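Asker: Okay, handing you the structure first.
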Amino acid sequence: MVLKEAEELRLYYEEKNRDLIARIAAQPPKPGTEAAWEKLRAAKAKFKSKLEFFILKYDRVNVS
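Start counting the sequence shown at 18; every next residue gets the next number (the numbering used here).
Next comes the structure, spelled out in structure tokens:
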């Protein structure tokens, strides 16, 4: 019951805040923070690359 209510609340607020989150995400970085954002983008790309490698490796191990 608690988990169901929590999921319903999460979905409600996700829907309610969708437009606000999209507007915030579309804004350019604040002046002086461009380097930090670029570093974050690079770290995310590196993490995604490692994750994809792991997934491919794990899939090959389980298929055999």
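Backbone N, C-alpha and C fix where the C-beta goes; we use that ideal spot for every residue, glycine too.
Quick caveat, the model's predicted, so the values are computed rather than measured.
Could you tell me the alpha carbon to alpha carbon distance between LYS21 and GLY49, rounded to whole angstroms?
Answerer: Here residue 21 refers to the residue found at position 4 of the sequence shown. Here residue 49 refers to the residue found at position 32 of the sequence shown. Between LYS21 and GLY49, the C-alpha separation is close to 43 Å.
Asker: How is LYS47 classed by DSSP in three states: helix, strand or coil?
Answerer: Position 30 of the sequence shown, counted from the first residue, corresponds to residue 47. Residue state, collapsed to three classes: coil.
Asker: For PRO46, I'd like the list of residues in its chain whose CB is within less than 6 Å of its CB, leaving aside the five on either flank, ordered along the chain.
Answerer: As a position in the sequence shown, residue 46 is number 29, starting the count at 1. Within the same chain, PRO46 has close Cβ partners TRP54.
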